[in-house]
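Engineer: Take a look at the following structure, please.
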Amino acid sequence: MTKRREPLTYEATLTEVAAVIGWDTCGAICGVSGRAVRLWSDHDCETEIRMIDAERLDRAFIERGGGYAPFHRLMALRLDIAAQDVAGQSLSEIAMGAAREAGEAVAAMIKVSSQPDSPAARREAKKEVQEAIDMLTDGLAAIDGPGEFMSIVDHLGLRKATTGGTQ
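Here my numbering is used: the first residue of the sequence shown is 77, the next is one more, and so on.
What follows is the structure, given as structure tokens:
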């Protein structure tokens, strides 16, 4: 039976990487057995992937044709989610904003495809895509709240100051 791995987790990301490069190859890269790597991907297991091994697997994933660094992307997104302050905003309001921003981003990218030499069109598309990403990140934060991600932010001292002046 295949275990469900929740989105935005290191376990799910490891499973994604292993689907591309293989469990045994992941183990060889990290200096452990393929079975040990499988255990890292099990949220019920006490062991977890180490940061240095996540970096190694990101590099291997890219070398084998992946277009991005999966663990790096996950960590950055989890930190962004934890840093979002969506208190007082309803998920439906955020969803409406995300839909608007995503639509504007797609329209701007289509415009760039017809005007590839226009610096203004490229600049506008980048701006619109970033705004869409920001709204979607707010949406992720609002779905469950920052929860488990806040421990990372607190550990790194990244929590934004509140209006009361404390962190």
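Virtual Cβ for every residue (Gly too), placed ideally from N, Cα, C.
If I measure Cβ to Cβ from isoleucine 97 and keep anything under 7 Å in the same chain, skipping five residues before and after, which residues do I get?
Structural biologist: Excluding positions up to five away in sequence, the list reads Ala136, Phe137 and Arg140.
Engineer: Name the two residues that bound the continuous alpha helix (DSSP H) containing histidine 148.
Structural biologist: Counting along the chain, the alpha helix (DSSP H) containing histidine 148 begins and ends at 146-159.
Engineer: Should the region 151-171 be called in touch with the region 105-114, which here means at least 3 C-beta pairs below 8 Å?
Structural biologist: Result no; under three Cβ-Cβ pairs closer than 8 Å.
Engineer: Between which two residues does the alpha helix (DSSP H) holding serine 190 run?
Structural biologist: 167-190 is the span of the alpha helix (DSSP H), which, as asked, contains serine 190.
Engineer: Distance, Cα to Cα, glycine 241 vs aspartate 161?
Structural biologist: Confidence at glycine 241 is low in this model, with a pLDDT of 42, below 50, so the placement of that residue should be treated as unreliable; the coordinate-derived value is given next. Rounded to whole angstroms, glycine 241 to aspartate 161 spans 15 Å at the Cα level.
Engineer: Which whole-angstrom value is the C-beta distance of methionine 211 and alanine 158, which I expect to be below 8 Å?
Structural biologist: Not confirmed; about 17 Å, so no contact.
Engineer: Shortest alpha-carbon distance to isoleucine 19 belongs to which of Arg199, Ala217, Ala208 and Ile105?
Structural biologist: Beyond the ends of the chain as shown, which are 77 and 243, falls residue 19; an answer cannot be given.
Engineer: So glutamate 92 and aspartate 118 are supposed to be a Cβ contact under 8 Å. How far apart are they, rounded?
Structural biologist: That pair is no contact at about 15 Å.
Engineer: In the DSSP assignment, find the alpha helix (DSSP H) that holds glycine 103 and state where it starts and stops.
Structural biologist: It spans 99-106 - the alpha helix (DSSP H) in which glycine 103 sits, taken as one unbroken run.
Engineer: Who are the near neighbours of leucine 150 in its chain, counting only those whose CB is closer than 6 Å to its CB and skipping five residues on each side?
Structural biologist: Thr89.
Engineer: Pull up the distance between the alpha-carbon of serine 194 and that of alanine 184, whole angstroms please.
Structural biologist: Each residue's alpha carbon lies about 12 Å from the other.
Engineer: How close, in whole Å, do the beta carbons of valine 188 and arginine 198 come, if the pair is a contact with beta carbons under 8 Å?
Structural biologist: Correct: roughly 6 Å between the Cβ atoms.
Engineer: Just how far apart, CA to CA, sit alanine 218 and alanine 196?
Structural biologist: Cα to Cα, alanine 218 sits roughly 33 Å from alanine 196.
Engineer: Grab the span of the alpha helix (DSSP H) containing glycine 142 for me, first residue to last.
Structural biologist: Here glycine 142 belongs to no alpha helix (DSSP H), and DSSP marks it neither H nor E.
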